[in-house]
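Residue numbers for the sequence shown, in my numbering: 104 to 271.
We put the beta carbon where it would ideally sit given N, CA and C, even for glycine.
Every value quoted in this text rests on a predicted model; they were computed, and no experiment measured them.
Notes follow the structure.
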Amino acid sequence: STYDGLSIAWAVVEYLHNTKGRRPLTLFATHYHELTDLEGILPRVKNYNVAVVEEEDRVAFLYKIVRGATDRSYGIYAAQVAGLPRAAIRRAKEILQSLEEGSGVHVKPAGGRSRAGEETLQLTFFDVLEHPVVERLRTVDINRMTPIEALALLAQLVAEVKNSRGSS
């Protein structure tokens, strides 16, 4: 799960903060912005961040630690500085925007282009794509069907599942 790391980090901060007889001075560097909420919950937790200056597509790290949290992330910029191909950086920015908008990620097939009339698969971290048969089953009121109607529907749904497996 994408929450595994966040859960572990949160639990470690709570453990270090709440264990009696311990008051460790700890630097906790993380990309989990949700952890900044702990400053309002745990009295000895204080947020700091690295000061930066941003100009257009450039970031200058000032090598200065300042008080407070940040809601910014510079992973894509760091990838660009590390030399990742421009096409990958552009695509990473598209994906980031889609995720931040909650619209999921549109998967690009090999070659980066969809064929005419071909539907692009959309994935998200939270939604699961359902088979059309499952969607149909959700609307069925089994209590209003005769046994023969139920068997006929079952046969139809089984055929749909078999046909869909053969075509994928």
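Which stretch, first to last residue, makes up the alpha helix (DSSP H) that contains residue i?
i: GLU117; result: 107-121
i: ALA154; result: Segment 151-158 is the beta strand (DSSP E) holding ALA154; no alpha helix (DSSP H) there.
i: ILE179; result: 178-184
i: THR242; result: 235-242
Since residue i and residue j are thought to touch, with beta carbons under 8 Å apart, how far apart are those beta carbons, to the nearest angstrom?
i: ILE192; j: GLN183; result: 5 Å
i: VAL116; j: LEU130; result: About 12 Å; that fails the 8 Å criterion.
i: ALA172; j: ASN150; result: 4 Å
i: VAL264; j: VAL236; result: 6 Å
i: LEU202; j: VAL208; result: 7 Å
i: ILE179; j: LYS196; result: 6 Å
i: ILE245; j: ALA258; result: The pair is not a contact, with the Cβ atoms about 15 Å apart (cut-off 8 Å).
i: HIS136; j: ASP174; result: 6 Å
Go to residue i, then tell me how far its beta strand (DSSP E) extends in each direction, as first and last residue.
i: LYS167; result: 161-170
Classify residue i as helix, strand or coil using the three-state DSSP reduction.
i: GLN259; result: helix
i: GLU221; result: Annotation note: pLDDT 47 at GLU221 (below 50); position unreliable, coordinate value reported separately. Note: GLU221 maps to coil in three-state DSSP.
i: VAL208; result: strand
i: ILE245; result: helix
i: ASP174; result: coil
i: VAL264; result: helix
i: PHE228; result: Summary for PHE228: the model assigns pLDDT 49, below 50, so the residue's position carries little reliability, and this model does not support an answer.
i: ASP139; result: It should be pointed out that residue 139 corresponds to Thr in this sequence rather than to Asp. Reduced to three states, the DSSP call for THR139 is helix.
i: ARG194; result: helix
i: PRO250; result: helix
Let me make sure I understand the geometry here. Which of the options has the alpha-carbon closest to that of residue i?
i: ALA181; options: LEU130, LEU128, PHE164; result: PHE164
i: HIS58; options: GLU204, THR133, GLU142; result: The requested residue 58 does not occur in the structure, where the chain is confined to residues 104 to 271.
i: VAL155; options: TRP113, TYR177, VAL210; result: TYR177
i: ASN152; options: ALA190, HIS134, HIS234; result: HIS134
i: ARG241; options: LEU260, PRO250, ALA112; result: LEU260
i: VAL148; options: TYR118, ASP174, ARG161; result: TYR118
i: PRO146; options: GLY108, ARG126, ARG175; result: ARG126
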